[in-house]
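Protein chains in written order, with the working numbering: chain A, 4 to 309; chain B, 4 to 309. Beta carbons are placed, not taken as given, at the ideal position from N, Cα and C, and that holds for glycine. Notes for the one structure printed next.
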DNA sequence: TGACCTGCATCAGGATTGGTGATTGGCCGC
DNA sequence: GCGGCCAATCACCAATCCTGATGCAGGTCA
């Protein structure tokens, strides 16, 4: 068994095709075919079912893939360990974040990290989850913080923290700031929500539906800050994650209302490549981010929880 | 980087010599030298300090070794996983046990395991820890249950459970069966103990010394059952692990006395090769053994604890 | 102190391996 | 039924690795 064969296995599994997998790892289709065959022979088990339209992993292929990613991850860990041994952390980190976390959470992390490790180049990209996971899979991003979605082929997923959803209105619309609200017993809402591609949207829709919450109008805005700005200047309202709006507790530009019913949570998960470990710099940034995120989420749960 | 290089790295680290490592993995000294050199170049770090009397790992070598064992272990896990996928567990398991556990603990495990997996061949070896760890390192044993000792180069160590030491005498020597005893306030003892090579002996000696426990005579017997037999037929006494003597609770061939002072514990650890995972059969046997051991240890602590 | 031994590094040659590009054959959609 | 797509196979070539011999450094013993 060779490492190259494991890398090939991973590529084929993730691409579902010998040919495209071969391209991905800069090999030829014939070489790919031969190596997978050799691997199957050395393991004495068929890993993929071939068809004229590509390949699908067998049960054994699934298992082997899972292990192979772990082998490669450990393998990469060798280099990470050695790099971590250096007293001086260097290199560059690319991180992807969803808009929710870019308002409040990330700035202190970046400030602290940059002062702790001045020789690390930081790149940050703000986007929605689909784009971010594509970025991680393509290797453009080291890791990304996203809401939980499906289709994580080739990615390692770690749950980071859970946040609360908050009902947000303009100030002085008849409710006290920070007063709790039961959405099931309220006059029909004018809601600004993200579009149907957004991961939170599905959860919100399903809550609205199962609890029969009356909605007068929905406006779709895939722009967080615009949404908040609109809410502040009109009688439109929104439902937003605590991390996004906790800054309004002081500013009072908007009034925040903990939601007693229905219970709605926002999860944040970390995605990273399944078969490569984070670089030392990325790992450290990740730890800082995790720490700050749970600090903020904790505060949200305490002060904006129902 | 190649798997072969990692195997070489592991061998060199554990043997402390290119030449003997080469023999171990059926390679030549020159090939070994070249591969290690290639690995060092690909990692851009020196892994071993060469000397005319052998090699010693650098700090980087230590780290790389640790990771390499994990990589190889994961790698072996691929085959284990696939074997585990078979509905029918087969193969053979070789396990090493110290005498303490062979009196009471192992029989029910073997009985259960043999009936659950009738097609697995079981080999068991009873010996003292040094011999057992040598057996595991040589690959003769899949794993072994031993008391904690040093020198675990090349072995993965897992703590299994903790047991109590019990003071054992012949029946009717003036103490009630199961009555607790404080060894610090007792007439000078005639003790039968294992020899100085035994892992428990050092702990017992140090306890005797630090608590100034008076000892009239010590007889060294490296044979557990002979020790117990002698104790049953004379005024010699011994200190024995709960697992070993719990069978006497019913038989009353010997009287058992929980020790209130000094506090003495016996630990059991599992050792297995660091860079190969257990075979499915070995894993299952291991689980049964763990379960039974903690059942017995629990009972010892409950009924023979101080 | 000098002969000897041990252990690693190096070298050149040779065998094995793996990769390449072209070709074949099977299946699907048009 | 034809072209497109995909995997399997083959023969050839290149890279790699292994081998056995040799060199060199340090330690040991007489």
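Simplified DSSP assignment, three categories, for residue 111 (chain B): helix
At least one CB of chain A closer than 8 Å to the CB of residue 130 (chain B): is that the case? no
Among B:75, B:127 and B:245, which has the Cα closest to the Cα of residue 231 (chain B)? B:245
Residues of chain A with a CB under 7 Å from the CB of residue 77 (chain B): which are they? 70, 73, 74 and 77
Find the nearest neighbour of residue 274 (chain B) within the set B:108, B:248, B:149 and B:55, judged by alpha-carbon distance. B:149
Range of the contiguous alpha helix (DSSP H) that encloses residue 68 (chain A): 62–88
Cβ closer than 8 Å: which chain A residues qualify as neighbours of residue 6 (chain B)? 4, 5 and 6
C-alpha distance - residue 143 (chain A) paired with residue 97 (chain A), whole-angstrom precision: 7 Å
Cβ shell of residue 71 (chain B) (< 6 Å), same chain only, five flanking positions each side left out: 9, 12 and 13
When you compare the region 167–175 of chain B with the region 271–288 of chain B, are there three or more beta-carbon pairs, one atom per stretch, that lie closer than 8 Å? no
Straight-line gap, residue 50 (chain B) to residue 39 (chain B) (C-alpha atoms, nearest Å): 8 Å
At the level of alpha carbons, what is the spacing between residue 34 (chain A) and residue 109 (chain A)? 45 Å
Figure out for me which residue from B:262, B:295 and B:102 has the closest Cα to the Cα of residue 197 (chain B). B:102
For a test of the three-state rule: what should DSSP assign to residue 99 (chain B), helix, strand or coil? strand
Quick check: the region 194–208 of chain A against the region 173–182 of chain A, are at least 3 beta-carbon pairs closer than 8 Å? no
From residue 164 (chain A) to residue 99 (chain B), what does the alpha carbon distance come to, in whole angstroms? 45 Å
So residue 147 (chain B) and residue 81 (chain A) are in contact, right, with Cβ under 8 Å, and what is the actual spacing, rounded? Not quite, the Cβ-Cβ distance comes to about 29 Å (not below 8 Å), so this is no contact.
Give a yes or no on whether 8 Å exceeds the smallest Cβ distance from residue 277 (chain A) to chain B. no
Just the chain A side, please: which residues come within less than 8 Å of residue 195 (chain B) by C-beta, in chain order? None at all; the shortest Cβ gap to chain A is about 48 Å.
Taking only beta-carbon positions, decide if residue 15 (chain B) is within less than 8 Å of chain A. no
What residue does the alpha helix (DSSP H) around residue 11 (chain B) start on, and which one ends it? 6–18
Can you tell me whether residue 90 (chain B) is buried or exposed? The criterion is at least 16 other CB atoms within 10 Å of its CB, across all chains shown. exposed
Segment contact flag, the region 187–196 of chain A with the region 215–234 of chain A, C-beta cutoff 8 Å, min 3 pairs: yes
So residue 187 (chain A) is in the beta strand (DSSP E); what residue range does that whole segment cover? First-last for residue 187 (chain A): undefined, no H or E at that position.
Assign residue 62 (chain B) to one of two classes, buried (16 or more other C-beta atoms within 10 Å of its C-beta) or exposed (fewer than that). exposed
Using DSSP with H/G/I as helix, E/B as strand and the rest coil, what is residue 94 (chain B)? strand
Minimum C-alpha distance to residue 238 (chain B) - residue among B:257, B:251 and B:248: B:257
What are the residues of the region 78–91 of chain A that lie near chain B, defined by any Cβ-Cβ distance shorter than 8 Å? 78, 80, 81, 82, 84, 85 and 88
Assign residue 106 (chain B) to buried or exposed, taking buried as 16 or more other Cβ atoms, counted over all protein chains shown, within 10 Å of its Cβ. buried
Given that residue 123 (chain A) touches chain B, what residues does it touch there, using C-beta distances under 7 Å? Correct list: empty, because the minimum Cβ distance to chain B is about 19 Å.
Short-range partners of chain A found in the region 20–50 of chain B, where Cβ spacing is below 7 Å: 46 and 48
Measure the alpha-carbon distance for residue 269 (chain B) versus residue 267 (chain A) and round it to whole angstroms. 51 Å
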